[in-house]
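Residue 1291 in the numbering used here is what sits at position 19 of the sequence shown, and the numbering runs on without skipping anything.
Since the structure comes first, as structure tokens, the remarks are kept for the end.
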Amino acid sequence: MEIVITDPHGSWQGSQLAEQLGIKPRNLLTQLAEWARLGFLIRTGAGTYTLTAPL
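Right under this line is the structure:
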């Protein structure tokens, strides 16, 4: 979430975030989907997410 809040109005691709974190994209995309289901993020497209309420 710290990476995402650096640009709270932007959309982030899961692959971008995974690369910055040095983890497999598939693992992160699963987690991002869960966070979207819980309401922490909004899925804006295939593998792309943004914050629910920009800071």
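Don't be surprised by glycine CBs; every beta carbon is placed ideally from N, CA and C.
Does DSSP put Ile1338 in a helix, a strand or coil?
The requested residue 1338 does not occur in the structure, where the chain is confined to residues 1273 to 1327.
query = Sorted by chain position, which residues of the same chain lie with C-beta nearer than 8 Å to Gly1311's C-beta, five sequence neighbours on each side aside?
reply = Thr1324
Could you check where the beta strand (DSSP E) with Gly1319 kicks off and where it finishes?
Neither: Gly1319 is in no beta strand (DSSP E) and is coded neither H nor E.
Check: Would you report the Cα separation of Leu1304 and Gly1294, rounded to the nearest angstrom?
Finding: 15 Å
With a threshold of 7 Å on Cβ separation, who are the neighbours of Ala1290 within its own chain once the five nearest residues in sequence on each side are excluded?
Lys1296, Pro1297, Leu1300
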